[in-house]
Amino acid sequence: LILTPTRELAIQIDESFAAYGRHTGLKHTVIFGGVSQHPQTQALKTGIDILVATPGRLLDLISQQFISLQHIEIFVLDEADRMLDMGFLNDVRKVINRLPVKRQTLFFSATMPDDIKQLANSILINPVKVEVTPPSTTVEKIQQGVFFVEKSNKLKLLVHLLKDSKIASALVFTRTKHGADKVVKQLHREHIHAEAIHGNKSQNHRQRALGNFKSGRTRLLVATDIAARGIDVDELSHVINYDLPNIPETYVHRIGRTGRAGLSGVAYSFCDAEEKEYLRDINKLIGFSVPVVADNPWAMDSNSLASVSGVVNPPQQKRPFGQHRSQKFKKKFSSNRNSNSHFSFKEEKSKSAANNNANRNRYL
Numbered sequence: 003l004i005l006t007p008t009r010e011l012a013i014q015i016d017e018s019f020a021a022y023g024r025h026t027g028l029k030h031t032v033i034f035g036g037v038s039q040h041p042q043t044q045a046l047k048t049g050i051d052i053l054v055a056t057p058g059r060l061l062d063l064i065s066q067q068f069i070s071l072q073h074i075e076i077f078v079l080d081e082a083d084r085m086l087d088m089g090f091l092n093d094v095r096k097v098i099n100r101l102p103v104k105r106q107t108l109f110f111s112a113t114m115p116d117d118i119k120q121l122a123n124s125i126l127i128n129p130v131k132v133e134v135t136p137p138s139t140t141v142e143k144i145q146q147g148v149f150f151v152e153k154s155n156k157l158k159l160l161v162h163l164l165k166d167s168k169i170a171s172a173l174v175f176t177r178t179k180h181g182a183d184k185v186v187k188q189l190h191r192e193h194i195h196a197e198a199i200h201g202n203k204s205q206n207h208r209q210r211a212l213g214n215f216k217s218g219r220t221r222l223l224v225a226t227d228i229a230a231r232g233i234d235v236d237e238l239s240h241v242i243n244y245d246l247p248n249i250p251e252t253y254v255h256r257i258g259r260t261g262r263a264g265l266s267g268v269a270y271s272f273c274d275a276e277e278k279e280y281l282r283d284i285n286k287l288i289g290f291s292v293p294v295v296a297d298n299p300w301a302m303d304s305n306s307l308a309s310v311s312g313v314v315n316p317p318q319q320k321r322p323f324g325q326h327r328s329q330k331f332k333k334k335f336s337s338n339r340n341s342n343s344h345f346s347f348k349e350e351k352s353k354s355a356a357n358n359n360a361n362r363n364r365y366l
């Protein structure tokens, strides 16, 4: 059983099993909400070896007795950090309680902040920890740059950047669903085609938008962090942080979507006065100051720019990129083999269930 936070990621994992496991004889299927359950239940009735699922649809089909977890041998909790951010803690606990006592558990996370480490330690017994790369490294071939811009001028700056034909495709990140829709609406007014992908969109819309983006029919895809999980585009030329993330590890995750498969990529970030602390945390995590882009027709005025002084180095017209430590996108997991004890989750002291639900509704 592989549990993932989003439908897109569940589909991607199932497609990977289809590709890599073609000659293994293993039967697999994927279940998620937002679509009819009938094709999914029909696939389940034939019997499967590997099930990829999102928490809501899994629990729904369990309650309807379409699924039994009594014989699960391996349980995978993927994107654990986002699973918790989205407020799925209670759902994950319900799934855990239905699993056999004796099993192997894999706990994957693209980022591993301290609270997630504590969670892993609370649900795993004597786990083996595998850390692929240090959290502070960023992809070697990605050119990074930050634009200091007033919040009210971000859209104008984005429109200006999109005049550059070198931006063949761009994944634009916003912090909220409302923000994603607002950016798309404003771009349409400027006669720039873009599509948004987030939790308020239907599954059919999300898959169609993602398909258009991958095929090149859509040049610009605007997404929230959680909805973007599962988006895998090898030749993505640009990532644009329209809003800086308030979690520095998320920055590493975002920009890692470009510069894949040995290709170069560019990551631009917009920073207004309210986001200066976010940028400072990002610089601290990655170990250097993201270079300031001097060619900025919508740069902050001198007073506003003074408020972010000390966050980064002075603007430079040209700075060599791609000279940072090499890395592949980091992926961590802890495994617990043949545990003889039930797992139990501990609520994060810093987050209440109400806050989790609020975050889920706002950021998905």
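Last residue of the sequence shown: 366 in my numbering, with the numbers rising by one and none dropped.
Heads up, the beta-carbon is just placed ideally off N, CA and C, and yes, glycines get one too.
- Residue 244 sits in coil when the DSSP states are folded into three classes, being neither helix nor strand.
- Of 122, 90, 167 and 78, the smallest CA-CA separation from residue 107 is found for 78.
- In terms of Cβ geometry, residue 57 and residue 93 form a close pair [threshold 8 Å].
- Distance from the CA of residue 14 to the CA of residue 230, rounded to the nearest whole angstrom, comes to 12 Å.
- In summary, residue 148 is buried, with 16 or more beta-carbon neighbours lying within 10 Å of its beta-carbon over all protein chains present.
- A contact is defined here as three or more CB-CB pairs under 8 Å, and the stretch 88 to 102 meets this definition with respect to the stretch 64 to 78.
- Cβ atoms of residue 292 and residue 271 come within 8 Å of each other, at about 7 Å.
- If you keep only unbroken alpha helix (DSSP H) runs of at least 4 residues inside the stretch 165 to 205, you get 179 to 191.
- When secondary structure is reduced to three states using DSSP, residue 295 falls in the strand class.
- Per DSSP, the continuous alpha helix (DSSP H) segment holding residue 65 begins and ends at 57 to 65.
- Residue 172 and residue 128 have their C-alpha atoms roughly 42 Å apart.
- In the DSSP assignment, residue 286 falls outside any beta strand (DSSP E) and lies within the alpha helix (DSSP H) extending over 278 to 288.
- In summary, residue 31 is buried, with 16 or more beta-carbon neighbours lying within 10 Å of its beta-carbon over all protein chains present.
- Here DSSP, grouped into helix, strand and coil, assigns residue 215 to helix.
- When C-beta atoms of the stretch 227 to 246 are compared with those of the stretch 117 to 127, fewer than three pairs fall below 8 Å, so the two segments do not count as touching.
- The three-state reading of DSSP puts residue 104 in coil, since its state is none of H, G, I, E or B.
- Taken atom to atom, the span from the alpha-carbon of residue 47 to that of residue 18 is near 22 Å.
- The beta-carbon distance between residue 182 and residue 241, rounded to whole angstroms, is 15 Å. This is too long to meet the 8 Å contact definition.
- Residue 206 and residue 28 have their C-alpha atoms spaced approximately 28 Å apart.
- Check the Cα spacing between residue 88 and each of 226, 159, 152 and 33: the tightest is with 226.
- Residue 199 places its beta carbon 8 Å or farther from that of residue 189.
- Within the model, the alpha-carbon separation for residue 220 versus residue 115 is close to 34 Å.
- Taking a contact as a CB-CB distance under 8 Å, the pair residue 3 and residue 53 counts as one, their CB atoms being some 5 Å apart.
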